[in-house]
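Report on the following structure.
Protein chains: 2
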Amino acid sequence: MKPPQGWEEIRAEVLRRIDRRDWRPGATIPTEEQLAAEFGCARATVSRALRELAGAGVLERRRKSGTRVATHPVRKATLDIPVIRLEVEGRGQTYGFRLIDRATAVPPPAVAARLGLAPGQRLDRFRTLHLADGRPTALEDRWLNLAVLPEPPPADVSLNEWLVKTVAYTYGDISFSAEAATPEEALLLETPAGAALFITERTTWAGEAPITSVRLAHAPGYRLRTVV
Amino acid sequence: MKPPQGWEEIRAEVLRRIDRRDWRPGATIPTEEQLAAEFGCARATVSRALRELAGAGVLERRRKSGTRVATHPVRKATLDIPVIRLEVEGRGQTYGFRLIDRATAVPPPAVAARLGLAPGQRLDRFRTLHLADGRPTALEDRWLNLAVLPEPPPADVSLNEWLVKTVAYTYGDISFSAEAATPEEALLLETPAGAALFITERTTWAGEAPITSVRLAHAPGYRLRTVV
DNA sequence: GGGGTTATTATGTGCAGACATATTACCAAA
DNA sequence: TTTGGTAATATGTCTGCACATAATAACCCC
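For the record, the sequence lines run as chains A and B. Numbering follows this note's numbering, in which position 176 of the first sequence is assigned residue number 176; successive positions increment by one, without gaps. Numbering follows this note's numbering, in which position 183 of the second sequence is assigned residue number 1183; successive positions increment by one, without gaps.
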């Protein structure tokens, strides 16, 4: 066989062997050292290839016991979550947004729990309608912890983008679900009441401090794509 | 400053600096060599840390121009997509499934287009109801290209799992959306007609050959989670 | 034979050096 | 001024070696 040259070639070759079922799901593949000898390269190069495959969920690796082909297809997909403006502009449409209302209030228990707030603590709430070519594309309901921010947000730019540039890197979780549109949501999104909406919920922390919790209700037809 | 030891420490330190806005979005950070000198480690170690961060979308790297903090918050989330049985069992429920019907037919144009089929080509169609503690949790509508399979699938195991173990590694795309339940879906999922369903659509190829296209309609309440 | 300690083993990580490659900046020739 | 070639530079990758760490196998003593 012709020897692979770089770690990408080795990754491809390993995938081929799994695909050809030379190495079956659950089976242990040769050690890094054996593969390095076979491919005529350093162990580090094999290691790099196998690490990538393990990261993609194709292989499972454990010290001492070795590397085996993943049995359970817990396929890992990487999901790109752009800001809405970029998503709209990427479709060749013109982006716009409209602030619906803004208030200071005690968030509903679900939001308070997600952010880990003491009961009764007040937050700022912004509701924004995102527009593509003038038509509503998503309704944003954001609870924001202004106390942790160095300066108040400006009114002339999308709160989403301003936040990203201002509070820098943060951790958070995201969840996706489907919900029927409430009458108010239906009105704002110009869709029939009860229509199935794609919901994105994101909660973000900067270190220990809860920053914001957002609920995005996407207009019908929205689709989130990725490749495996 | 106390020097980080491993590449994970370096990654954490870089994240801290981005978080503290020492390095702002869009700004170029020091070269690998400079960082290696500062941290008192080899360039390879810095490289490993920065590569991970670039993979996570935090940094953007280009040869010669250097490494900069990502401006566009295209956050990459990794999504684990387990088989339904594991998802159900992970919730502590008992998994079951029921084959609703099976037929050979010409798929609708949308499915044929996704799989890249010649018009009029026939496929096998399986519709399966997945159960958690006896209650419906998802409705699976699968179009399968039996021609490319080495052997016919057995009836006593989930088609999904059998496929994964049989055709080995494949690639495909996934999309998520929200749709209102049709009367038939509502009946099968024991939910009111028009309820908002979370839809997962997956198309899979093995090399060039289209294998299968699946549409999963999840019962209301389903939620897909991930962390950033 | 049972239970706990020790040795072995495969992966995980690190280092120093080298060359490859993409990209930019710069300078000279048309 | 524009164009084309060249040098400089930062990342990308590889090698060969070393030691760390986790998990298993082997062993020994009671």
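For each residue, glycine too, the CB sits at the ideal point set by N, CA and C. Bear in mind the structure is a predicted one, so any value in this text is a computation, not a measurement.
Asked	Found
Give a yes or no on whether the C-beta atoms belonging to Ala56(A) and Ala1178(B) are separated by under 8 Å.	no
Closer than 7 Å, Cβ to Cβ, to anything on chain A: give me those residues from the region 1135-1162 of chain B, in chain order.	none
Can at least three beta-carbon pairs, one atom from the region 1006-1019 of chain B and one from the region 1039-1050 of chain B, be found at a separation below 8 Å?	yes
In chain order, what residues of the same chain lie with their CB nearer than 7 Å to the CB of Gly1090(B), ignoring the 5 residues before and after it?	none
Look at Leu1149(B) and Thr1166(B) and say whether their C-beta atoms are less than 8 Å apart.	yes
Compare the C-alpha of Thr1128(B) against each of Ala1138(B), Arg1122(B), Gly1120(B) and name the closest.	Ala1138(B)
Along chain A, which residues have their Cβ under 8 Å away from the Cβ of Leu1197(B)?	Ala178, Ala196
Can you tell me whether Gly1090(B) is helix, strand or coil according to DSSP?	helix
Kindly indicate which residue of Gly6(A), Glu8(A), Gln5(A), Glu60(A) has the alpha-carbon position closest to the one of Pro30(A).	Glu60(A)
Leaving out five residues on either side along the sequence, give the residues of the same chain with a beta carbon under 7 Å from the beta carbon of Thr203(A).	Arg114, Leu115, Gly172, Asp173, Ser213
Any idea what DSSP makes of Ala1012(B), helix, strand or coil?	helix
Is DSSP giving Arg63(A) helix, strand or coil here?	coil
Can you list the residues of chain A that Tyr992(B) reaches, using a CB-CB cut of under 7 Å?	It is not possible to answer for residue 992(B), since the shown part of chain B is limited to 1001 through 1228.
So within the region 1181-1226 of chain B, which uninterrupted beta strand (DSSP E) runs reach at least 3 residues, ignoring any that extend past its ends?	1196-1206, 1209-1218
Just how far apart, CA to CA, sit Tyr1095(B) and Glu1140(B)?	15 Å
Run the CB neighbour count on Asp133(A), radius 10 Å, all protein chains shown included, and call it buried at 16 or more, exposed below.	exposed
Spell out whether any CB of chain B is found under 8 Å from the CB atom of Thr94(A).	no
In the structure shown, what three-state DSSP assignment does Glu1151(B) receive?	coil
Say the cut is 7 Å; is the CB of Asp1141(B) nearer than that to a heavy atom of the ligand MG?	The ligand content of the structure shown is nil, which means the ligand MG is not present either.
Suppose contacts are defined by Cβ-Cβ distances below 8 Å. Is Gly1158(B) in contact with Arg1085(B) by that definition?	Sequence inspection shows Ser at residue 1158(B); the Gly mentioned does not correspond to that position. Yes. Within cutoff.
Among the residues of its own chain, which have a CB less than 8 Å from the CB of Glu8(A), if the five just before and after it don't count?	Ala49
Can you name the residues of chain A whose CB is closer than 9 Å to the CB of Val1227(B)?	Tyr171, Gly172, Asp173, Ile174
Please identify, using Cβ separations under 7 Å, the residues of the region 1069-1087 of chain B that lie next to chain A, in order along the chain.	His1072, Pro1073, Val1074, Arg1075, Lys1076, Ala1077, Thr1078, Leu1079, Asp1080, Ile1081, Pro1082, Val1083, Leu1086
Count the other CB atoms within 10 Å of the CB of Arg24(A); is the residue buried (16 or more) or exposed (fewer)?	exposed
Would you tell me roughly how many angstroms separate the C-alpha atoms of Pro183(A) and Ala1112(B), rounded to the nearest one?	37 Å
Any beta-carbon of chain B closer than 8 Å to the one on Ala49(A)?	no
Quick check on the DSSP output: the beta strand (DSSP E) that includes Arg127(A) runs from which residue to which?	123-132
Name the residue from Arg142(A), Leu79(A), Glu190(A) whose alpha carbon lies nearest to the alpha carbon of Phe126(A).	Arg142(A)
Between Leu189(A) and Ala219(A), is the Cβ-Cβ spacing less than 8 Å?	yes
Which residues in chain B sit within 8 Å of Ala206(A), going by Cβ to Cβ distance?	Asp1019
For the beta strand (DSSP E) holding Ala138(A), just list the boundary residues, first then last.	135-144
Taking the straight line between their C-alpha atoms, what separation do you get for Lys1064(B) and Glu38(A)?	35 Å
Classify Ile29(A) as helix, strand or coil using the three-state DSSP reduction.	coil
With respect to the beta strand (DSSP E) encompassing Gly1096(B), which residues constitute its N-terminal and C-terminal limits?	1095-1105
Go ahead and label Leu1099(B) buried or exposed: buried means 16 or more other beta carbons lie within 10 angstroms of its beta carbon, across all protein chains shown.	exposed
At the level of alpha carbons, what is the spacing between Val1227(B) and Gly40(A)?	39 Å
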